[in-house]
Amino acid sequence: MDSRIFYGVISLLIISAVPVFAQESLISVQTDDKNYDEGDTIVISGLVTTVVGETPVTLQLFTEGNLVDIAQITVAQDGTYSHTVIAEGPLWNKAGDYLVRVLYGEGNIAESEFSYTPKSEVVETTTNFEVDAGSHGTFDVEYTIKGGTVKDMIVDADIFALIVQIDSTDEGKIDLDLPREFIGAEKQDGKDDTFIVLIDGVEVPYQESVVHSDSRVITINFEQGDSDIEIIGTYIVPEFGTIAMMILLVGIMATVILTRNRFQIKI
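Residue numbering for the sequence shown follows this note's numbering, starting at 265 and increasing by one per position.
Here it is as structure tokens:
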């Protein structure tokens, strides 16, 4: 065999044996959540590692292969980009997985997915929960919850709190109609004060949309995985508050008596 042919074959074998690595994409993409309901704002953002002039990012949004949205996004000097989409309109009528695809320049593609639920399929429950107040009987709390279910409501007399235990399958919210007769937050002059609301031990804000003479309606937003919501006021079942105050007074009186006795013994 001709030596030139032999070495040529060997060279081709060596070249074919060298692995070919795919070019790393210059762009990334993500959404600020993985689950959205109709009307939500979807924030899509990412990073371009090498900015090429004024080349924009092309965004495409698909569901089941159908184009839902398309946009051209300007890239900042540091390579970041961001775009918001409102999940509503005639094209947002199907529940399921949605694909976000971004393209930058030639051959640079990144993708991300999220799930979407139209209002017609959002599960929202409104009912009453009978709260056990021990020897003081029970009282009802009306609530509406979206994104989860209520497992239990418990009175914690030590901290004047109503603890709402939930199973949150998604981010959502709960509206609680709190009867003033059993739980409230009041100032010394009897006017309404703010509640302290904790979710899994972390203080969170809440909204108060309706104020009745006999109840207060508050709305609390929660995240997927949250479990315990504590609503702390200045009293929880008035009898509990009275008992707690009596125990406190007895403790103070006992301390005073002991202090006086020790003082008299020393004399």
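By construction, the Cβ of each residue, glycine as well, lies at the ideal position given by its N, Cα and C atoms.
### Query
Would V307 be called buried (16 or more neighbouring beta carbons within 10 Å of its own) or exposed?
Its Cβ having fewer than 16 others within 10 Å, V307 is exposed.
### Task
Compare the beta carbon distance of D490 and D464 with 8 Å and say whether it is the shorter of the two.
yes
#### Entry: For V293 and F285, the rounded distance between their alpha carbons
At F285 the pLDDT is 42, less than 50, meaning the model places this residue with poor confidence; the figure from the coordinates comes in the next sentence. So the alpha carbons of these two residues sit roughly 22 Å apart.
### Task
Express the C-alpha separation of I500 and Q528 in angstroms, rounding to a whole number.
Bear in mind that the predicted position of Q528 carries a pLDDT of just 48, short of 50, making it unreliable; the figure below should be weighed with that in mind. If I take the Cα positions, the gap works out to 41 Å.
### V419 versus V481: straight-line alpha-carbon distance, rounded
18 Å
#### Entry: Residue burial classification, V461 (beta-carbon count within 10 angstroms, cutoff 16)
buried
### Message
Which residues does DSSP list as the beta-bridge partners of A425?
### Response
D420, I496
### Message
Helix, strand or coil, according to DSSP, for G398 in the structure here?
### Response
The three-state reading of DSSP puts G398 in helix, counting H, G and I together.
### Task
Taking only the alpha-carbon atoms, compute the straight-line gap between V514 and F424 and give it to the nearest angstrom.
Confidence at V514 is low in this model, with a pLDDT of 46, below 50, so its placement is unreliable and the value that follows should be read with caution. Cα-Cα distance, rounded: 19 Å.
### Nonlocal neighbours in the same chain, by C-beta distance under 6 Å from A374, ignoring five residues either side
S289, I291, S292, V293, V366
#### Entry: Counterpart residues of G310 in DSSP-defined beta bridges
Y345
### Query
The beta strand (DSSP E) with S479 in it runs from where to where?
That run of the beta strand (DSSP E) goes 479-486.
#### Entry: Neighbourhood of G398 by C-beta distance below 8 Å, restricted to the same chain and skipping five residues each side
V419
### Task
Determine the closest residue to T498 out of D434, F459, T483, with distance taken between C-alpha atoms.
F459
#### Entry: DSSP three-state assignment for P443, whether helix, strand or coil
strand
### Query
Just checking, does the region 347-365 make contact with the region 378-387 on the three C-beta pairs under 8 Å criterion?
Contact holds: three or more Cβ-Cβ distances are below 8 Å.
### Message
For D416, which residues in the same chain have their Cβ closer than 7 Å to its Cβ, ignoring the five residues on either side in sequence?
### Response
Q429
### Query
What did DSSP end up calling K298 once you bin it into helix, strand or coil?
coil
### Query
In angstroms, rounded to a whole number, what distance separates the CA positions of T322 and D301?
Approximately 24 Å, taken between the alpha carbons.
### Query
With DSSP run on the structure shown, which of helix, strand or coil describes S491?
coil
#### Entry: Residues bridged to K437 (per DSSP)
K410, N485
### Task
Can you give me the Cβ contacts of G412 inside the same chain, cut-off strictly under 6 Å, excluding the 5 residues immediately before and after it?
I430, D431, S432, T433, G436
### Residue burial classification, M510 (beta-carbon count within 10 angstroms, cutoff 16)
For M510, the predicted structure reports a pLDDT of 46, less than 50, and the residue's modelled location is therefore unreliable. The matter cannot be settled from this model.
### Query
Of the residues I484, S479, D478, D457, which one's Cα is nearest the Cα of F469?
A small correction: the amino acid at residue 469 is Pro; Phe does not occupy that position in the sequence shown. The shortest Cα separation from P469 among I484, S479, D478, D457 belongs to I484.
### Query
Which of helix, strand or coil does DSSP assign to S292?
coil
#### Entry: Candidates V475, V466, V474, E450, of which the one nearest E487 by Cα
V466
### Task
Flag F393 as yes when its Cβ comes closer than 7 Å to any non-hydrogen atom of the ligand FMN, and as no otherwise.
For the structure depicted, the ligand FMN is absent and the ligand set is empty, with no information on it obtainable.
#### Entry: Three-state secondary structure assigned by DSSP to E472
strand
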